[in-house]
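J.: Quick one: this structure, given as structure tokens, is what I'll be asking you about.
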Amino acid sequence: MTCEYDLYDPSWCPGCGNYMIIKALKQALEELEIPSHMAVIVTGIGQAAKMPHYIAANGFNGLHGRALPPAIGIKLSNKDLTVIAESGDGDTYGEGGNHFIHTIRRNINIAHFVHDNQIYGLTKGQGSPTTAMGQVTTLQYDGVKVEPVKPLALSLTMGAGFVARGFSGDIPQLVELMKEAILYSGYAHLDIFQPCVVWNKVNTFQWYKDRVYKLPEDYDYTDFNAAYKKAMEFGDKIPTGILFKVEKETYEDRFEFIKNGPPLVDAELNPMDAEKLLNDFY
Amino acid sequence: MDYTILIGGAAGQGIETVVLLLEKTIKRSGYNVFTYKNYMSMVRGGHNFMQVRFSDKAISTYSTKVDMIFAMTAETVAFHKNNLKDGGLIILDENFHNEENFMHYPFQKLAKEIGNEKVVPTIGFGVIGRYFGLDKDIAINTLKETFKDKILQLNLEALDKGFDLTETNKQLDKREDKNIIINGNQALAMGAIAAGVKYYCGYPMTPSTSVMSYISGKSKEMGIVVDQIEDEVGALNMALGASYAGTRAMTGSSGGGFALMVEALSLAGILEQPVVVVNAQRPGPATGLSTRTEQADLRFVIHAGHGEFPRMVITLRNPEDSFYQAARAFNIAEKYQIPVILMTEEYLTDYMTTTKPFDFSKITIERNIAEPEEGNTERYKRYKYTETGVSPRLLPGKTKDTVVLVDSHEHNEYGNIDESIETRNSMMRKRMKKLDGLKDELMEPDQLGVDNPEILLVGFGATHGALADAVQRLSSEGMSVGALVYGDIWPFPDKLINSLGKNADKIITVEQNMTGQLESLILEKTRLQIYDRILKYDGRAINGDEIIHRLNAILES
């Protein structure tokens, strides 16, 4: 099957969860019928962050930890674009932690896909913000000494209106979650488990497969307290699916001229329009 | 005529109110005004002062000697009485002092009678206005613009009381008023708006904040996004995203915040993404003197960023220059797809001066965004090799079947990661090739004084006004003196300094830093010799008086 979004073959390791994620992403974009020139993938640095090089969409491959600020700038400048920020757990929750927190507060209409393999892959196996306490790594020889970030609980308590978790081992569910996240009007946080076959020997494909379970049909994703409980569930059983989803006003809609006007990028620029500003200074 | 009034007191006492009322009233009476502002980093207390200078002639700097001191604290007298001209006057509240040659007024007592102690500044304004023979109707109109409702009534009463307290000593006859009165950051922000900035993001930091707050005040009216982001690291990354999507984007900070933007400045270099960044300098290192002035970020800013990439750095010389240069910066950024950094300094961000209204018809908008080619099925090369090094720039979402990829890695013409030797060498040369075109854009420094001076002063940025004053006064005394004041400073314009410098007896640099950063740049880029240097790094702005004094000391030694 050919896909509008196909480009090069990626150079990830054989068995890497990213292969499943990119497959799901292309499928989600195709099924939503978003033309490739209207989609932008914004990434930082890491294995996940190489995504724009392997998919025929617009791409902004910026700096480590910095996927979200440009994503906001892009969306506010052209509200017609579908903006997807995509990066790893280190990029998003570590180097970019401050941007993550404050982007949630804005509720800008972007989808945020975090490839969470609980390890640093590109830099070869150091502990990431989601690596378990005590796990031995290529840097933490006697085990990680800090507690892991709880990403979904964090975004929930910061006020995110869409919080979900997927698993690279379940492509049909992942495609649906991605579509929901892209269609959600506001900031959508989707944390995606993926095994790192080379550097994480603890959180393997089998490890995730043994633990993940889909939230039941009757789960009420508008119940914040229920969502918080599910977000904190990280042991023998880990829930996947949409943990929380409610409607909220988007950041761009709080700018009247963006909400009711053309995309900012289409504004006519005329210096004489600003001449009236002098009047305050006479 | 040329008078200066110093108003001093603690933060929170209303110095700004007196100054605002004086500035507007004197300006509207048809005189040139120049207000020098001197703050401590405090919201309450401490000692702040401002000097309002006014004249029927052009003024470009503040005066060391003052004609009148309006002291709201006893401390103001102690600090400044030595700066009083012979025959000058100190006015203060009757409670403070009881010495001769001071004029005592019952400011606090009258304010209590009016029923609000906050009207003391307006009573003072009334006294000063009467003393200098200002038109009371103009003063009343200024009050009406400044205050509203009940507060306005109190202040009108206060003005009356002030006017009644003294006699007219000087007579400022009303003249025609065509000027505006503005500070550097307001002018800079206005230039950016004229140029069509649609996206300003930043994190508050003195003395850059007033650029953001001015634009924010016009956000709705002009349709500009102003985003106070979590940190300066995010700010420049965000501006680059906005620029990528096609809006004219800008961010700004002061030294410490600019330091946080350095990583993304390098990103702008390799992305080839146009952006305008303001660095409003204040004295460092680190927090330094947060409300004072310096020119010590020059070397930092021209080299800021890891790796090598082209950029332009423009230092701003006065409010008028700030306006036109800010607008020009966007055109250059987009023409060469580079970051352009506007360097201002606290002194210029804060001082208010009368200046002729800006000519908006002189502002041009040159986006240099490419037209998509009809029916072209080839994959778009964002980084296509060209003669000039500048690749045709398309915007994402604007051309069917065309996607735009920008990348922070070394990349090939499509924007895809490529580590080959050939690509690396070609891309480095492509980016740096843009400097050739940029050099043709450079504006040589502003030349002041006679054509071929024996003594050539060289400075940059906001010392322009002080240098203009010094050169004009020394020339009128017969000295063969001139000055070059840099605006564009990186790439370094070297033509004029080479031609004037060769013929000058003595080249003397004037800089507000300790290590002579401009001097080192001149030595690096020319074969000229520097005779001596006037350096100042105490956080206070240099003025014409100080340049003359220190130049004379050099020439006499």
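So the sequence lines, in the order shown, correspond to chains A and B. Residue numbers for the first sequence, in the numbering used here: 1 to 282. Residue numbers for the second sequence, in the numbering used here: 283 to 839. Ideal Cβ positions, reconstructed from N, Cα and C, are used throughout, including at glycine.
First and last residue of the alpha helix (DSSP H) that includes ASN465 of chain B?
T.: Along the second sequence, one-based indexing puts residue 465 of chain B at 183. Unbroken run through ASN465 of chain B is the beta strand (DSSP E), 462-465; no alpha helix (DSSP H).
J.: Out of B:PHE352, B:ASP820, B:MET354, B:VAL334, point me to the one whose CA is closest to THR346 of chain B's CA.
T.: Against the second sequence, residue 346 of chain B aligns to sequence position 64. Taking only the C-alpha atoms, the option nearest THR346 of chain B is B:VAL334.
J.: Please state whether DSSP places PHE378 of chain B in a helix, a strand or coil.
T.: Taking the first residue of the second sequence as 1, we reach residue 378 of chain B at position 96. If DSSP states are grouped into helix, strand and coil, PHE378 of chain B belongs with coil.
J.: Who are the neighbours of ASP80 of chain A on chain B, taking C-beta pairs under 7 Å?
T.: Within the first sequence, the letter at position 80 stands for residue 80 of chain A. What ASP80 of chain A touches in chain B: GLY679.
J.: Once the 5 residues before and after VAL493 of chain B are set aside, which same chain residues still bring their CB inside 7 Å of it?
T.: To locate residue 493 of chain B, count along the second sequence from 1; it is residue 211. Only ASN467, LEU470, ALA471, GLY534, VAL560 meet the Cβ criterion.
J.: Checking the sheet assignment: what are the DSSP bridge partners for LEU438 of chain B?
T.: Counted from its first residue, the second sequence places residue 438 of chain B at position 156. Partner(s): none; LEU438 of chain B has no beta bridge.
J.: To the nearest angstrom, how far is it from the Cα of ILE108 of chain A to the Cα of MET51 of chain A?
T.: On the first sequence, position 108 is the one that residue 108 of chain A refers to. On the first sequence, position 51 is the one that residue 51 of chain A refers to. CA-to-CA, the gap between ILE108 of chain A and MET51 of chain A works out to about 22 Å.
J.: So if I threshold CB-CB distances at 8 Å, which residues from the stretch 252-270 of chain A count as touching chain B?
T.: PHE255, GLU256, PHE257, ILE258, GLY261, LEU264, VAL265, ALA267, LEU269, ASN270
J.: Using 8 Å for Cβ pairs, my map puts PRO216 of chain A next to ASN203 of chain A. What's the rounded Cβ distance?
T.: Position 216 of the first sequence holds residue 216 of chain A. Position 203 of the first sequence holds residue 203 of chain A. Not really, about 25 Å apart at Cβ, beyond 8 Å.
J.: I need the straight-line Cα distance from THR358 of chain B to ASP417 of chain B, nearest angstrom please.
T.: Residue 358 of chain B sits at position 76 when you count from the first residue of the second sequence. Residue 417 of chain B sits at position 135 when you count from the first residue of the second sequence. Approximately 28 Å, taken between the alpha carbons.
J.: With DSSP collapsed to three states, give me the class of LYS430 of chain B.
T.: Indexing the second sequence from 1 puts residue 430 of chain B at position 148. Coil at LYS430 of chain B, not helix or strand.
J.: Nearest CA to the CA of LEU303 of chain B: which residue from B:GLU545, B:LYS638, B:ALA440?
T.: Translated into the one-based positions of the second sequence, residue 303 of chain B becomes position 21. Checked all of B:GLU545, B:LYS638, B:ALA440; the closest Cα to LEU303 of chain B is B:ALA440.
J.: Measure from the C-beta of PHE389 of chain B to each C-beta in chain A and report whether the shortest distance is under 8 Å.
T.: Position 107 of the second sequence, counting from 1, holds the residue named residue 389 of chain B. False, the Cβ-Cβ gap to chain A never drops below 8 Å.
J.: Is ALA71 of chain A close to chain B, meaning its C-beta is less than 8 Å from at least one C-beta of that chain?
T.: For the purposes of this step, residue 71 of chain A is taken as the residue at position 71 of the first sequence. Chain B contact via Cβ: present.
J.: Within the same chain, show all residues whose beta-carbon is closer than 6 Å to that of PRO678 of chain B, passing over the 5 residues directly before and after it, in chain order.
T.: Within the second sequence, residue 678 of chain B is the residue found at index 396, counting from 1. Correct list, in chain order: VAL686.
J.: Mind listing the chain B neighbours of MET272 of chain A? Cutoff is C-beta to C-beta under 8 Å, in chain order.
T.: Taking the first residue of the first sequence as 1, we reach residue 272 of chain A at position 272. Near MET272 of chain A (Cβ distances below 8 Å), the residues of chain B are PHE642, SER643.
J.: For GLU305 of chain B, which residues in the same chain have their Cβ closer than 8 Å to its Cβ, ignoring the five residues on either side in sequence?
T.: Here residue 305 of chain B refers to the residue found at position 23 when the second sequence is read from its first residue. Cβ neighbours of GLU305 of chain B beyond the five flanking positions: VAL315, THR317, VAL334, ILE463, MET634.
J.: Work out the CA separation of THR745 of chain B and ASN825 of chain B for me, nearest whole Å.
T.: Taking the first residue of the second sequence as 1, we reach residue 825 of chain B at position 543. Taking the first residue of the second sequence as 1, we reach residue 745 of chain B at position 463. So the two alpha carbons sit approximately 8 Å from each other.
J.: Using a Cβ-Cβ cutoff of 8 Å, what residues of the stretch 44-60 of chain A are near chain D? List them in chain order.
T.: Looking at the structure shown, chain D is missing, and the protein chains on hand are A and B.
J.: Does the separation of the CB atoms of ILE104 of chain A and SER185 of chain A fall below 8 Å?
T.: The count along the first sequence starts at 1 and reaches residue 104 of chain A at position 104. The count along the first sequence starts at 1 and reaches residue 185 of chain A at position 185. The answer is no: Cβ separation not under 8 Å.
J.: Does ASN270 of chain A come out as helix, strand or coil in the three-state DSSP assignment?
T.: Taking the first sequence and counting its residues from 1, the one referred to as residue 270 of chain A is at position 270. Three-state result, ASN270 of chain A: coil.
J.: Of the residues B:GLU656, B:VAL672, B:SER673, B:ASP700, which one's Cα is nearest the Cα of THR684 of chain B?
T.: Here residue 684 of chain B refers to the residue found at position 402 of the second sequence. Here the closest residue by C-alpha is B:GLU656.
J.: Is LEU29 of chain A close to chain B, meaning its C-beta is less than 8 Å from at least one C-beta of that chain?
T.: As a working note, residue 29 of chain A is residue 29 in the first sequence. No, LEU29 of chain A does not count as interfacial toward chain B.
J.: In the DSSP assignment, find the alpha helix (DSSP H) that holds ALA49 of chain A and state where it starts and stops.
T.: Position 49 of the first sequence, counted from the first residue, corresponds to residue 49 of chain A. Neither: ALA49 of chain A is in no alpha helix (DSSP H) and is coded neither H nor E.
J.: Using a 10 Å radius around the Cβ and a threshold of 16 neighbouring Cβ atoms, would you call ALA568 of chain B buried or exposed?
T.: The residue given as residue 568 of chain B occupies position 286 in the second sequence. ALA568 of chain B should be labelled exposed.
J.: If contact means a Cβ-Cβ distance below 9 Å, which residues of the stretch 511-540 of chain B contact chain A?
T.: Taking 9 Å as the Cβ-Cβ cut-off against chain A, the residues of the stretch 511-540 of chain B that qualify are ILE511, GLU512, ASP513, VAL515, GLY516, ALA517, LEU518, ASN519, MET520, ALA521, LEU522, GLY523, ALA524, SER525, TYR526, ALA527, GLY528, THR529, ARG530, ALA531.
J.: Who are the Cβ neighbours of LEU134 of chain A in its own chain at under 7 Å, not counting the five residues just before and after it?
T.: Locating residue 134 of chain A in the first sequence gives position 134, counting from the first residue. In the sequence under discussion, the amino acid at residue 134 of chain A is Gly, which differs from the Leu named in the question. Cβ within range, chain order: GLY143, VAL144.
J.: Compare the C-alpha of TYR618 of chain B against each of B:ARG675, B:ARG412, B:ASP455 and name the closest.
T.: Locating residue 618 of chain B in the second sequence gives position 336, where the first residue counts as 1. Cα-wise, what sits closest to TYR618 of chain B is B:ARG675.
J.: Which class does ILE289 of chain B belong to by DSSP, given the choice of helix, strand or coil?
T.: Here residue 289 of chain B refers to the residue found at position 7 of the second sequence. Residue state, collapsed to three classes: strand.
J.: ASP509 of chain B lies in the alpha helix (DSSP H); which residues open and close that run?
T.: Taking the first residue of the second sequence as 1, we reach residue 509 of chain B at position 227. Premise fails: ASP509 of chain B lies in the beta strand (DSSP E), 507-510, not in any alpha helix (DSSP H).
J.: What is the residue span of the alpha helix (DSSP H) that SER548 of chain B lies within?
T.: Here residue 548 of chain B corresponds to residue number 266 of the second sequence, with the count starting at 1. 537-553 is the extent of the alpha helix (DSSP H) around SER548 of chain B.
J.: Going by beta-carbon coordinates alone, are THR681 of chain B and LEU264 of chain A separated by less than 8 Å?
T.: Walking along the second sequence from the start, residue 681 of chain B turns up at place 399. Walking along the first sequence from the start, residue 264 of chain A turns up at place 264. No, they are not a contact pair.
J.: Please report the distance separating the alpha-carbon of TYR251 of chain A from that of TYR187 of chain A.
T.: For the purposes of this step, residue 251 of chain A is identified with residue 251 of the first sequence, where counting begins at 1. For the purposes of this step, residue 187 of chain A is identified with residue 187 of the first sequence, where counting begins at 1. Taking the straight line joining both Cα atoms gives about 9 Å.
J.: For my contact list, THR597 of chain B and TYR768 of chain B are in at a C-beta cut-off of 8 Å; report their separation, rounded to the angstrom.
T.: Translated into positions along the second sequence, residue 597 of chain B becomes position 315. Translated into positions along the second sequence, residue 768 of chain B becomes position 486. With 8 Å as the limit, THR597 of chain B and TYR768 of chain B qualify as a contact, their Cβ atoms being about 6 Å apart.
J.: To which residues of the same chain is LEU7 of chain A closer than 8 Å at the C-beta, ignoring the five residues directly before and after it?
T.: Indexing the first sequence from 1 puts residue 7 of chain A at position 7. Cβ neighbours of LEU7 of chain A beyond the five flanking positions: HIS53, TYR54, ILE55, ALA56.
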